[in-house]
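*Asks:* The structure follows.
Protein chains: 2
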Amino acid sequence: MSSGWIDEEYQGIVRTGFRLKRRIMRRRSPFQTVEVVETKGHGRLLLIDGMTMVSERDEFVYHEMIAHVPLFVHPRPRRVLVIGGGDGGTVREVLRHRSVERCVLAEIDPVVVEASRRHIPRTAASLSDPRCEIRIGDGVKFVRETREHFDVVIVDSTEPFGPAKELFGPAFYRDVRRILTDEGIVVSQAGSPFYEIATIRNLRRILRPIFPISDAYLFTNQTYPGGLWAFSFASKGLRPVRDFRAARVARARLPLRWYNSEIHAAAFALPQFLKDELSRR
Amino acid sequence: MSSGWIDEEYQGIVRTGFRLKRRIMRRRSPFQTVEVVETKGHGRLLLIDGMTMVSERDEFVYHEMIAHVPLFVHPRPRRVLVIGGGDGGTVREVLRHRSVERCVLAEIDPVVVEASRRHIPRTAASLSDPRCEIRIGDGVKFVRETREHFDVVIVDSTEPFGPAKELFGPAFYRDVRRILTDEGIVVSQAGSPFYEIATIRNLRRILRPIFPISDAYLFTNQTYPGGLWAFSFASKGLRPVRDFRAARVARARLPLRWYNSEIHAAAFALPQFLKDELSRR
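Going line by line, the protein sequences match chains A and B. Going by my numbering, the first sequence opens with residue 1, and the numbers climb by one from there. Going by my numbering, the second sequence opens with residue 1001, and the numbers climb by one from there.
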């Protein structure tokens, strides 16, 4: 890293750097290294093992897209489970839906929650909402053992290695199916289709035999390498575009900066190389 | 720049770096500094004044989106003018359309054309097509003085300063309207809505009084800062989505990797912050 910049290197071939103002904290948890820095131009960043998870400037894009797509497809989401997402940004967007009565956050690393609460209130403030329950522990184990059911499960994880590895496996998704209600939906962070197409292809192969509906959608993350980033979408029956009603978005009048009903449908249009790749068996 | 990387710094707050294999050429032309390097992971890059214009790995996204959107809206594009674009990538995509009889490239800087021909044949090979005529000179002057008419004009320029400055002014676009045929369309590189929203807002203000139809569309450029990038679209009457026929794309069977008919429509879905910004007068 050069002086004055904080650089995220990716696959050894590309790096994204942010102008550093000051380092705020850095702590090695049992799972990973958690870091908060202040930048010039992008506000504060939360980094895990050197990868940018949240930038205050553009976190709204990721969090609006991971939350509102499933929550506006489900006709009346009441119970939502977020796995990972200890920064609180996804919970913040989930709780904008008045139908949501309860949002459980299953985060493995308490250091992520503490760091965000202390240094990134923009995302973490939602964690103090009375409808949110924080469960510090392994999300895979939580899903295996809970007797609760959820309308929407959101897998807001890091990349498929380290503590997040099992979140990209079939056993986990069979458990997710079990805890989903009849109209249940699960969406998951699915990596960069441009640089690591294997992640989304593998997720697709895992989801297809478990869920009647599986698809992928895209968004542009300004501060992640390559810009183009994907989520997977799977459900017990609800289709992400056909069963989506734009009128509900209009009625909800949420104060959003990225998501709207046109963006919802557009996000499921996949570039040709990705369509070709995902249609291969 | 650190050793081993070539970094593009943007607005002093963010930078994108590519792992360098070797520097191939660097030349100061009367207009700008033109540079070609070989990277690990992204093939060759063409840089102008330190900004990445073309990466062999992902140039197809930009070039497919700037060319096929207008060429598939126009019912039968025969004559096309490309302003800038001396690397040849846009011309390559234009010439995939069998209806195109003639494509004029008006590039101000012969060094860009020479560097691309010599070092980036993937984009520049199309410049030798007999349907392509290269006019080295000022595109603004060409548009002001030509008596030829075009069905589609593509402004494939650098950012709105240096030699490209006048390409972002009203006088230029009034001349473009004059040389467009009755169903004419003009699209233009319109910057990063995330980092420099003024570029697209100003273009919109210029285009609106000159053309009955004006709009904007988006794509993700993996190697440009911020990922999200915009083109403006303006026409004498053709509407970019309503007058677009997906069946034509299917019939053409072009060997494309990014553009398809779903992507065409989806590209015109704008995020809420940009819709709000562009609807302000």
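Cβ coordinates follow ideal geometry from the N, Cα and C atoms, glycine included.
Give a yes or no on whether the C-beta atoms belonging to Ser126 of chain A and Gly88 of chain A are separated by under 8 Å.
*Replies:* On the first sequence, position 126 is the one that residue 126 of chain A refers to. On the first sequence, position 88 is the one that residue 88 of chain A refers to. Yes; because the gap between Cβ atoms is below 8 Å, this pair is in contact.
*Asks:* Use the C-beta contact count for Glu64 of chain A: other C-beta atoms within 10 angstroms, 16 or more gives buried, fewer gives exposed.
*Replies:* As a first step, residue 64 of chain A must be located in the first sequence, where it is residue number 64. Per the 10 Å Cβ criterion, buried.
*Asks:* With 8 Å as the threshold, decide whether the Cβ of Glu262 of chain A is near any Cβ in chain E.
*Replies:* Included in the structure are the protein chains A and B, with no chain E among them.
*Asks:* Below 7 Å on C-beta distance, what does Leu1256 of chain B contact in chain A?
*Replies:* Counting from 1 along the second sequence, the entry for residue 1256 of chain B is found at position 256. Those are Gln272, listed as they occur along chain A.
*Asks:* Let me know the secondary structure DSSP gives Gln1272 of chain B once reduced to three states.
*Replies:* Sequence index remark: in the second sequence, residue 1272 of chain B carries index 272 (1-based). In this structure, Gln1272 of chain B counts as helix in the three-state DSSP scheme.
*Asks:* Does the beta carbon of Gly17 of chain A sit closer than 8 Å to a beta carbon anywhere in chain B?
*Replies:* Along the first sequence, read from residue 1 onward, the residue named residue 17 of chain A stands at position 17. Chain B contact via Cβ: present.
*Asks:* Residues in its own chain within less than 7 Å of Asp1015 of chain B by CB, not counting five upstream and five downstream?
*Replies:* Translated into the one-based positions of the second sequence, residue 1015 of chain B becomes position 15. Before going further, note that residue 1015 of chain B is Arg rather than Asp in the sequence given. Asp1007, Glu1008 and Glu1009.
*Asks:* According to DSSP, is Arg1015 of chain B helix, strand or coil?
*Replies:* Taking the first residue of the second sequence as position 1, residue 1015 of chain B is located at position 15. Note: Arg1015 of chain B maps to strand in three-state DSSP.
*Asks:* Can you pull the chain A residues whose beta carbon is under 7 Å from the beta carbon of Asp1109 of chain B, in chain order?
*Replies:* The residue you call residue 1109 of chain B lines up with position 109 of the second sequence. Near Asp1109 of chain B there are no residues of chain A at all, since even the closest Cβ is about 27 Å away, more than 7 Å.
*Asks:* Tell me the rounded alpha-carbon separation between Lys1021 of chain B and Leu1045 of chain B.
*Replies:* Sequence index remark: in the second sequence, residue 1021 of chain B carries index 21 (1-based). Sequence index remark: in the second sequence, residue 1045 of chain B carries index 45 (1-based). So the two alpha carbons sit approximately 11 Å from each other.
*Asks:* Report yes or no: is there a C-beta of chain B within less than 8 Å of the C-beta of Ile13 of chain A?
*Replies:* As a first step, residue 13 of chain A must be located in the first sequence, where it is residue number 13. With 8 Å as the cut-off, Ile13 of chain A counts as an interface residue toward chain B.
*Asks:* In this structure, does DSSP put Met1 of chain A in helix, strand or coil?
*Replies:* On the first sequence, position 1 is the one that residue 1 of chain A refers to. Caution is warranted here: a pLDDT of 45 is assigned to Met1 of chain A, below 50, making its placement in the model unreliable, and the coordinate value is therefore given only provisionally. The answer is coil: DSSP assigns Met1 of chain A none of H, G, I, E or B.
*Asks:* Taking the beta strand (DSSP E) that Phe231 of chain A belongs to, which residues open and close that run?
*Replies:* The residue labelled residue 231 of chain A in the question sits at position 231 within the first sequence. Here the beta strand (DSSP E) through Phe231 of chain A covers Leu228 to Ser235.
*Asks:* For the beta strand (DSSP E) containing Leu1256 of chain B, list its first residue and its last residue.
*Replies:* Here the question's residue 1256 of chain B lines up with position 256 in the second sequence. Taken as a continuous stretch (DSSP letters only), Leu1256 of chain B belongs to no beta strand (DSSP E), as it is neither H nor E.
*Asks:* Pick out whichever of A:Glu114, A:Ala67 and A:Tyr217 has its Cα sitting closest to the Cα of Arg27 of chain A.
*Replies:* Translated into the one-based positions of the first sequence, residue 27 of chain A becomes position 27. Ranking the options by Cα distance to Arg27 of chain A, first place goes to A:Glu114.
*Asks:* To which residues does DSSP link Thr1282 of chain B through a beta bridge?
*Replies:* Since the displayed chain B opens at 1001 and closes at 1281, residue 1282 of chain B lies outside it and no answer follows.
*Asks:* From the DSSP output, which residues share a beta bridge with Val112 of chain A?
*Replies:* Start at 1 with the first residue of the first sequence, and residue 112 of chain A comes out as number 112. In DSSP, Val112 of chain A forms no bridge with anything.
*Asks:* For the beta strand (DSSP E) containing Arg44 of chain A, list its first residue and its last residue.
*Replies:* As a working mapping, residue 44 of chain A is identified with position 44 in the first sequence. Arg44 to Ile48 is the extent of the beta strand (DSSP E) around Arg44 of chain A.
*Asks:* So, are the CB atoms of Pro240 of chain A and Asp276 of chain A less than 8 Å apart?
*Replies:* Locating residue 240 of chain A in the first sequence gives position 240, counting from the first residue. Locating residue 276 of chain A in the first sequence gives position 276, counting from the first residue. Cβ atoms of Pro240 of chain A and Asp276 of chain A: not closer than 8 Å.
*Asks:* Looking at the C-beta of Ala1266 of chain B, does it have a partner C-beta in chain A at a distance below 8 Å?
*Replies:* For the purposes of this step, residue 1266 of chain B is taken as the residue at position 266 of the second sequence. Yes, Ala1266 of chain B lies at the interface with chain A (some Cβ there is under 8 Å from its Cβ).
*Asks:* Looking at C-beta atoms only, is the number of pairs between the segment 107-122 of chain A and the segment 186-195 of chain A that lie closer than 8 Å three or more?
*Replies:* Too few Cβ pairs lie closer than 8 Å, so no.
*Asks:* Using only the alpha-carbon positions, how far apart do Asp1138 of chain B and Arg205 of chain A sit?
*Replies:* The count along the second sequence starts at 1 and reaches residue 1138 of chain B at position 138. The count along the first sequence starts at 1 and reaches residue 205 of chain A at position 205. Those two C-alpha atoms are separated by around 53 Å.
*Asks:* Output needed in chain order: residues of the segment 33-65 of chain A with a Cβ under 8 Å from some Cβ in chain B.
*Replies:* For the segment 33-65 of chain A, which is checked against every Cβ of chain B, the residues closer than 8 Å are Thr39, Lys40, Gly41, His42, Asp58 and Val61.
*Asks:* Quick one: what does DSSP say Ser1029 of chain B is sitting in, helix, strand or coil?
*Replies:* For the purposes of this step, residue 1029 of chain B is taken as the residue at position 29 of the second sequence. Residue state, collapsed to three classes: coil.
*Asks:* Report the neighbours of Tyr259 of chain A on chain B: residues whose CB is nearer than 9 Å to its CB, in chain order.
*Replies:* If you number the first sequence from 1, residue 259 of chain A lands on position 259. Here the neighbours are Pro1271 and Gln1272.
*Asks:* Going by the DSSP bridge assignment, what does Thr220 of chain A pair with across the sheet?
*Replies:* Numbered from its first residue, the first sequence carries residue 220 of chain A at position 220. In the DSSP output, where bridge partners are listed per residue, Thr220 of chain A has A:Leu228.
*Asks:* Interface residues of chain A around Gln1189 of chain B at Cβ under 7 Å?
*Replies:* To locate residue 1189 of chain B, count along the second sequence from 1; it is residue 189. The premise fails here: Gln1189 of chain B is roughly 16 Å from chain A at the closest Cβ pair, so nothing lies under 7 Å.
*Asks:* Just to confirm, is the Cβ distance from Leu1105 of chain B to Val1153 of chain B under 8 Å?
*Replies:* Position 105 of the second sequence holds residue 1105 of chain B. Position 153 of the second sequence holds residue 1153 of chain B. No, the pair does not count as a contact, with Cβ atoms beyond the cut-off.
*Asks:* Taking 8 Å as the limit between beta carbons, can you name the residues of its chain near Glu1183 of chain B, skipping five residues before and five after?
*Replies:* Residue mapping note: residue 1183 of chain B aligns to position 183 of the second sequence, counting from 1. Excluding residues within five positions, the ones whose Cβ falls inside 8 Å are His1074, Pro1075, Asp1151, Ser1235, Lys1236, Gly1237 and Leu1238.
*Asks:* Could you tell me whether the Cβ of Thr90 of chain A comes closer than 8 Å to any Cβ of chain B?
*Replies:* Mapped onto the first sequence, residue 90 of chain A falls at position 90. No, no contact with chain B.
*Asks:* Note down, in chain order, all residues in the segment 1177-1203 of chain B with a beta-carbon under 7 Å from any beta-carbon belonging to chain A.
*Replies:* Result list: Phe1194.
*Asks:* Please confirm if Gly237 of chain A has its CB atom under 8 Å from at least one CB of chain B.
*Replies:* Walking along the first sequence from the start, residue 237 of chain A turns up at place 237. So, not an interface residue.
*Asks:* Going by C-alpha distance, which of A:Pro225, A:Met53, A:Phe18 and A:Val54 is nearest Thr39 of chain A?
*Replies:* The sequence position of residue 39 of chain A within the first sequence is 39, counting from 1. Nearest C-alpha to Thr39 of chain A: A:Phe18.
*Asks:* Please compile the residues from chain A whose C-beta is within a distance smaller than 7 Å of the C-beta of Leu1228 of chain B.
*Replies:* Taking the second sequence and counting its residues from 1, the one referred to as residue 1228 of chain B is at position 228. Those within 7 Å of Leu1228 of chain B in chain A are Thr220, Gln222 and Gly227.
*Asks:* Per DSSP, what kind of secondary structure is Leu95 of chain A in: helix, strand or coil?
*Replies:* Translated into the one-based positions of the first sequence, residue 95 of chain A becomes position 95. DSSP places Leu95 of chain A in coil when its eight states are reduced to three.
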